[in-house]
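Remarks on the structure that follows.
Chains as they are written, first to last, in this note's numbering: chain Y, 1 to 973; chain E, 1001 to 1282.
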């Protein structure tokens, strides 16, 4: 049918099918800013302005646009210009992955046309129609208010930016001594203002010009303009559309499968089941070679192990045809008994989930134990026997979903050289290439993996999830194939955070000295092992490493159940551990009548302390024990306390609200420590070359999944080379063109890939100095780089452009360039102090979190705006973990939370007050003193909220999430 | 197999739309949405009837009643100042609870009222205010809101043309709307709405409506009967607990057990009534 509408001011006539959704029609018209995030209008990523109002288009038919005025961000400003709203989003750091940014910009446009001077509440309500999993909405709201001021013509303040005194030498070659690395102290007389108070190393050369400045993201402009930069933003001629048939049973054998009717459907080009693809055992977790055991998956199997497991895949000319073909596949199942509880799965007589003979590395298949971890430091039994008190507590944490707004999406095709190109939204392009090759029967050199921009990952894309199936379909058809998960599939058939049972025994003396810790964990990995072992290992590390304690034991059982598979999720075992540990510390303090903060600080790690358990639980096998080399933890604690007004705990009047007598208020605290990369395992590399005009191309294998790592890496290069950020053109990542990197996980990119960039830049700087020396006839001693010039100690100077031209074209010609790799045998921990303020309804159990504060020591924040953005977004994601998000199943193992609305991630008009405070230290092992920030915000919210509930009600709740009914029952109703 | 819809129909008049609905029966559906939206391929039918442009998207306030067109977007209810004045902000507040801003621009009151699985606050408010729905099919039909979810397909009744909310009712003198959810803007696990007038220290015309995720909205007439004529200082929430207990039988939902829903409906009913009495000047 033919429809007419106005699109960005132009009259448009379009031919649409009656069943075509408006979102699909707009994308077909190459309006790529319109994004797919769900099919139910919940996320709003597909929103456009219809007659001036923000409206989701995934739940509209294209025909409904007839006669209306539509606007998208493509129409907001000419190609090379930004609309003031877009500029405000760039300025304030409101863009992380950028997938929902176009819709956010349109939401702002909608509001500001109606209200020129909006309140924050009005901004939040206008933004409520766009879910963002990255930002926590803090900076987008700031952007809206800033844009409003700009459009009114009011002056707007400059974005705050700092510099720090640092060495320009690569990591490991210079750094502060121990005394200099210690910043902060007792925390007295602190203010709540973010501080950049980094002690300089002895070899300092300069105040930084780019590092430690809140530079705009290097990819901000293309994201805010909605350009086609994501995996699915392309229109390859002849592309087929994939769809997957998943299991309706939690545990079953496929007795027979007949695909003939599906294959006979006109427009269906391939239907694949287990009979059609090679059976190659593998583990899907995107991890380093060799992938940790167990290798318990095959691309398509004759047995299914959870509702949502793979049965068959289809490629057809249209998505509708592909879906129709699924209904024509005839499958007869032999339904088997299933088990959904990890502890029951280990019991005698439980159904055996992996009874196949070709699996590799399952610990005890008969008891459904995928892996067993056991390690001990010191003598924990002796320590507990000698302690004045022994506390035994059990905690339970639940399964939650990453819920990145961009679903998993892959496009595969043969290139002109008969190599398979896999364009995929992944955090681990190099792991994907290595892992998918044997499954497809290809060699690594026959595969090229392209990672475009990623619309959020949070660990969910640290997995080779659907690339193999898409590849198989291209192999079967010879044609390009596009495979995108629906939101329903994200919940039923992607990955999630591991549920765990954590049982602690803790020995403590009367004076509050921690004597011994014994931790037993049962971890539910779901139907397949993937990240199970390594996540549990991190649980052991974080659960036993946060405090000074010499006698430790960790036992972990990683157990199969007939539930969807758990995997990597921001924090990777740490949020589970920190919830249990920080609740335990609160309970111990209460029972021993100790101040909960002082008790923790008494036992906290200091600079110079060893972290013994890391030698036993390191992912790279046995490595040297880690040591704390930088920390501002005491000042984090003090700054956070001041920000949340911790002293209110002592006020009985504050605890009650006379106008709401059923409400009790409480404050909670949690102290957290994380890791920075995987010691002895993670490696990243960078290539840097100089161009004719003195600019640089920086190629990295690191994958910016929205965190801003491309910006951070470019800042490190720019700082080292004495050029503004705009002179470093970074590209990530493509296995053909960028050097290897393990990928984006384990809070590693700034530290590992940044170390590689710093080394490569230092090598290039050295070559520049040598070239300048040749040009100027002087020695290289005392040379420096500043403002795009080489400066000699005698104040002679030559521009980088002239250096480049001389090197490329004039004399002794050569390309100034370098490639460098970096890995680290140490994993310096960032620290954080987390505070929560809650209101508990004593009659209903409803918990309202009204304030979250986190003070973080991430070493030097290479980009303070980006670092606070990471914290703000992490806090809101962690808040969902604490109070609302949960993967719930029916009695047959089918997931009930199949849409974002039911699963419930927080929207803009319901998040509490959020405050992120940076309290930097100088980490001698990190580039410019940096260590991690990306994951630590996930760790402390749940225990801080638990402890705040305890403070308000006197009841400690030991399992997540704190839903109204659970709290109500805990209150004794 | 063919993807639905096979056609989009655009009737010129309300009567034509209503007739089409009745004539095509289960083969036809309306192109309007409630606040809880399923993927279009799950609700689309062979013929989808587009009712935009039929002039039923307005809010008209008179001395006696407010008439809300069935195709009125939820966001219009949130923003309408006359509506706010007429009912002290109850309908506006209830509409805001139904969905986020973007969906409120798309979803209509007709879609929301004919989708009983959606968020209940607006339905509760309209129940408490004594509203009626007017359907257009082969002939016009008036359905009290109390009967809206008790059997009968939407298509059988025809098109929900408008809702009539009486202003003569004393209800708008005082109201209370309470809900309980996992997060502040989450779909309510349980909600209650009370509307009441106070005369000479006595409760007049109380109307209490409750709902939960395991139960469609309903009026608790037992509570109304018990409270009518009671002294504003003499009523107790115990009476409401008993009334609600007699009136409701929620079912398990993955978000809350049936028992919890039932207990909380009673609890919130008490709070809603207390808030309504306070607003009414008690």
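Glycine included, every Cβ here is placed at the ideal spot set by N, Cα and C.
- Per DSSP, the continuous beta strand (DSSP E) segment holding residue 1008 (chain E) begins and ends at 1007-1009.
- Taking residue 638 (chain Y) as reference, the option from Y:431, Y:401, Y:10 and Y:833 with the minimal CA-CA separation is Y:833.
- Between residue 909 (chain Y) and chain E, the shortest Cβ-Cβ separation is below 7 Å.
- Given a length threshold of 3 residues, each whole run of the beta strand (DSSP E) inside the segment 1131-1162 of chain E is given here in chain order: 1132-1136 and 1140-1144.
- At a beta-carbon threshold of 9 Å, none of the residues of chain E lie near residue 23 (chain Y); the nearest stands roughly 10 Å away.
- Using beta-carbon distances, residue 844 (chain Y) counts as an interface residue toward chain E, with a partner under 7 Å.
- The three-state secondary structure of residue 1040 (chain E), taken from DSSP, is helix.
- Per DSSP, the continuous alpha helix (DSSP H) segment holding residue 1237 (chain E) begins and ends at 1237-1247.
- Using a C-beta cut-off of 8 Å, the segment 116-129 of chain Y makes no contact with the segment 83-92 of chain Y, since fewer than three inter-stretch Cβ pairs fall below that distance.
- Residues 41, 44, 46 and 47 of the same chain have their beta carbon placed closer than 6 Å to that of residue 56 (chain Y), with the five preceding and five following residues left out of the count.
- The beta carbon of residue 428 (chain Y) lies closer than 6 Å to those of 286, 462 and 743 in the same chain, with the five residues before and after it left out.
- The alpha-carbon of residue 660 (chain Y) is positioned some 23 Å away from that of residue 1187 (chain E).
- Shown here, residue 498 (chain Y) sits in coil according to DSSP, grouped into three states, outside any helix or strand.
- By the criterion of a C-beta distance shorter than 8 Å, residue 792 (chain Y) is surrounded in its chain by 772, 776, 778, 782 and 783, once the five residues flanking it on both sides are discounted.
- For residue 68 (chain Y) and residue 1106 (chain E), the gap between their C-alpha atoms comes out near 13 Å.
- Look at residue 96 (chain Y) here: in three-state DSSP terms it is coil, with no helix or strand label.
- In the structure shown, residue 328 (chain Y) falls within a coil segment according to DSSP collapsed to helix, strand and coil.
- Comparing alpha carbon positions, the residue from E:1167, E:1031 and E:1051 closest to residue 1043 (chain E) is E:1031.
- Look at residue 1091 (chain E): its C-beta is not under 7 Å from any C-beta on chain Y.
- One Cα belongs to residue 665 (chain Y), the other to residue 877 (chain Y), and the distance between them is close to 23 Å.
- Counting only Cβ-Cβ distances below 9 Å, residue 54 (chain Y) has contacts in chain E at 1101, 1102 and 1105, in chain order.
- For the segment 243-256 of chain Y, the set of positions with a beta-carbon nearer than 8 Å to some beta-carbon of chain E is empty.
- Excluding sequence positions up to five before and after residue 906 (chain Y), its CB lies within less than 7 Å of the CB of 876, 879 and 880, all in the same chain and listed in chain order.
- In the structure shown, the three-state DSSP call for residue 295 (chain Y) is strand.
- Restricting attention to Y:567, Y:571, Y:607 and Y:669, the CA atom closest to the CA of residue 600 (chain Y) is found in Y:669.
- With contacts defined as CB atoms closer than 7 Å, residue 762 (chain Y) and residue 860 (chain Y) fail to qualify as a contacting pair.
- Of the candidates Y:936, Y:920 and Y:634, Y:920 places its Cα closest to the Cα of residue 212 (chain Y).
- Considering only Y:715, Y:735 and Y:736, the residue with the shortest C-alpha distance to residue 727 (chain Y) is Y:715.
- For residue 629 (chain Y) and residue 831 (chain Y), the gap between their C-alpha atoms comes out near 12 Å.
- The Cβ-Cβ distance between residue 247 (chain Y) and residue 311 (chain Y) falls below 7 Å.
- Note on residue 225 (chain Y): 16 or more other CB atoms within 10 angstroms of its CB, so buried under the neighbour-count rule.
- Annotated three-state conformation of residue 271 (chain Y) is strand, per DSSP.
- Taken in chain order, the complete alpha helix (DSSP H) segments of 4 residues or longer contained in the segment 104-134 of chain Y are 120-127.
- In the structure shown, residue 626 (chain Y) falls within a strand segment according to DSSP collapsed to helix, strand and coil.
- Around residue 884 (chain Y), the beta-carbon contacts reaching into chain E at under 7 Å are 1182, 1183 and 1186.
- Here the alpha carbon of residue 581 (chain Y) sits roughly 10 Å from the alpha carbon of residue 393 (chain Y).
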